[in-house]
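To keep things clear, I will list the structure first and then write my remarks on it.
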């Protein structure tokens, strides 16, 4: 509850501009009650980002992400990363906006980089094994895939008509096959 | 010059949180000299957004965007929109963050909506004419395409190793054909 309110405040006003006063107001708690729950604003950020990172990093340990060809693993990872982004949409939005001014933010950037590198390595492997086209830069491909999958945080509403499954399926479909009808 | 500085300040601190004082400081002008250039913060926003909207809306009037099959027009539009995003990367970043609290912001949201609707209509036409796959929701496809093309504002540097042409080509390649090698 406190964490949900903190994420809302951070996303609306930016982490830096947000104060413990703002968060107390959003939770309906007094500032001293809020400090009973957490030691600092940075702890709230850390716990909020953990909600995104724990499942995101776990993807890379799943059996389906560890076995099979590179292109099969890439499919699993993109599907799971998109699903987790939708499931934790506010926390992933927060993660996207991290700037790197505090220790927690720098650690988040480091972990985000780790996810990017892991995906880029699999894209490179899939190119070498002949399953992914060779005419595109692997770093650029990785950035554009994340760009598409991250963009759902800007419009997704859990009460909307599109299910997380339909959205994750569309991201995978476009990334792997494109929108043009194959003749 | 003043406009470039204003865009930098708006993107760093957010439009609402930015003051004419911040912008004066960023330009090296006194506040009264700044008011000699522009009447208000909102005028700066309006003129900055115009730098993005003028070329973006002009795309839909280009001959190549008006003739040919729907899928051909879609190709032209995605390529041009991505190129313009790269050319005016800071102004498009600003446009992406518009919230709708002022008349200028609401007008920007209305125009952005107009661009989205125009692209969605062409996606729908391309589905009907059999050139685009029928198993994906046209609104979702439109959002995901813009999501990918807009995401370049988060990492593109004009002095980087990737040219705007290479990036626009990669976006088109993924959107239309996907990354999987066709056998």
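Chains as they are written, first to last, in my numbering: chain A, 1 to 183; chain B, 184 to 366. Glycine residues also receive a C-beta, built at the ideal position from the N, C-alpha and C atoms.
Problem set entry | Interface flag, residue 132 (chain A) vs chain B, CB-CB below 7 Å | yes
Exercise. Which of the three DSSP states, helix, strand or coil, is assigned to residue 341 (chain B)?
Worked result: coil
Exercise. Given that residue 354 (chain B) touches chain A, what residues does it touch there, using C-beta distances under 8 Å?
Worked result: 144
Exercise. Near residue 196 (chain B), what residues of its chain come up, given a Cβ to Cβ distance below 7 Å and the 5 sequence neighbours on each side ignored?
Worked result: 205
For this session: For residue 331 (chain B), count neighbouring C-beta atoms within 10 Å of its own C-beta (all shown protein chains included) and say buried if the count is 16 or more, exposed if not.
Result: buried
Problem set entry | Any chain A beta carbon closer than 7 Å to residue 202 (chain B) | no
For this session: Tell me, please, whether the CB atom of residue 301 (chain B) is closer than 7 Å to any CB atom in chain A?
Result: no
For this session: Give the DSSP-derived three-state secondary structure of residue 324 (chain B) in the structure shown.
Result: helix
For this session: Would you mind telling me which residues of chain B sit closer than 8 Å to residue 180 (chain A), beta carbon to beta carbon, in chain order?
Result: 254, 314, 315, 316, 359 and 360
For this session: With 7 Å as the threshold, decide whether the Cβ of residue 147 (chain A) is near any Cβ in chain B.
Result: yes
Exercise. For residue 321 (chain B), is the classification buried or exposed, using 16 other Cβ atoms within 10 angstroms of its Cβ as the cut-off for buried?
Worked result: buried
Exercise. Below 7 Å between beta carbons: does that hold for residue 291 (chain B) and residue 140 (chain A)?
Worked result: no
For this session: Report the rounded CA-to-CA distance for residue 82 (chain A) versus residue 168 (chain A), giving the unit in angstroms.
Result: 6 Å
Exercise. Quick one: what's got a C-beta closer than 6 Å to residue 131 (chain A)'s C-beta in the same chain, skipping five residues either side?
Worked result: 71
Exercise. Taking Cβ positions only, does residue 323 (chain B) come closer than 7 Å to chain A?
Worked result: yes
Exercise. For residue 173 (chain B), which residues of its own chain have a beta-carbon under 7 Å away from its beta-carbon, when the five flanking residues on both sides are left out?
Worked result: With chain B covering only 184 through 366, there is no way to say anything about residue 173 (chain B).
For this session: Using a threshold of 7 Å, state whether the C-beta atoms of residue 92 (chain A) and residue 52 (chain A) are closer than that.
Result: yes
For this session: Hey, could you find the ends of the alpha helix (DSSP H) residue 214 (chain B) is sitting in?
Result: 214 to 220
For this session: Please compile the residues from chain A whose C-beta is within a distance smaller than 7 Å of the C-beta of residue 197 (chain B).
Result: 14
Problem set entry | residue 256 (chain B) vs residue 305 (chain B) beta-carbon contact at 7 Å | yes
Problem set entry | Cβ-based burial, residue 172 (chain B) [other Cβ within 10 Å; buried from 16] | Chain B is shown from 184 up to 366; residue 172 (chain B) falls before or after that span and cannot be answered.
Exercise. What residues in its chain sit with their C-beta under 8 Å from that of residue 185 (chain B), if we drop five residues either side in the sequence?
Worked result: 206, 210, 212, 217, 220, 221 and 227
Exercise. If we ignore side chains and look at the alpha-carbon of each, how far apart do residue 297 (chain B) and residue 163 (chain A) end up?
Worked result: 25 Å
Exercise. Using a threshold of 6 Å, is the CB atom of residue 105 (chain A) nearer than that to any non-hydrogen atom of the ligand SAH?
Worked result: Here there are no bound small molecules, and the ligand SAH is not part of this structure.
Exercise. Is residue 17 (chain A) helix, strand or coil by DSSP?
Worked result: coil
Exercise. Going straight from the alpha carbon of residue 11 (chain A) to that of residue 90 (chain A), what length do you get?
Worked result: 8 Å
Exercise. Going by other Cβ atoms of all chains shown within 10 Å of its Cβ, with 16 needed for buried, is residue 151 (chain A) buried or exposed?
Worked result: buried
Problem set entry | Contact list for the segment 151 to 168 of chain A against chain B, Cβ threshold 8 Å | 151, 152, 154, 155, 162, 166 and 167
For this session: Could you tell me whether any Cβ in chain A is nearer than 7 Å to the Cβ of residue 212 (chain B)?
Result: no
For this session: With distances taken Cα to Cα, identify the nearest neighbour of residue 112 (chain A) among A:31, A:174 and A:146.
Result: A:146
Exercise. So residue 360 (chain B) packs on residue 180 (chain A), CB below 8 Å; how close in whole Å?
Worked result: 6 Å
Exercise. Who pairs with residue 315 (chain B) in a beta bridge, going by DSSP?
Worked result: A:180
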